[in-house]
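Scroll down for the structure; my scribbles are underneath it.
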Amino acid sequence: MSDAELAYLRERAASGDEDAAAQLVELAGEREDAYELRLLAESGNTDAMDELVQLAAEKGDVAELRRLAAGGNQDAAELLDELYDEDRTEDGT
């Protein structure tokens, strides 16, 4: 996809075109573009938020998961809980 096509999709998504937003989420997910996903998620796109959480989990990006959890994302908070449960040693420390 050309830069011009991508810019056009962004314009359409910004003006409320849900199909354009869905395409952007899909493309950003394929490119593992956390920045694009974050922008879409911050504009209220729940699919972008889901994709961003998934990407952060796959990459082991604890800082991003913490940021998302602090922003109220329950999935990110649950993933962090799972990570911390897995990291505990047998002696409980």
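Residues 1 to 93 (my numbering) are what the sequence shown spells out, left to right. For glycine and all other residues, C-beta sits at the position ideal for the given N, C-alpha and C.
Asked, Found
"Proximity below 9 Å, CB of Ala21 to CB of Asn45", "yes"
"Met1, DSSP secondary structure in three states", "coil"
"Assigned secondary structure, Asp61 (DSSP; H/G/I helix, E/B strand, else coil)", "coil"
"Euclidean distance between Cα positions of Gly60 and Leu39", "20 Å"
"Beta-carbon proximity list for Leu37, same chain, < 6 Å, skipping 5 on both sides", "Ala28, Ala48, Glu51, Leu52"
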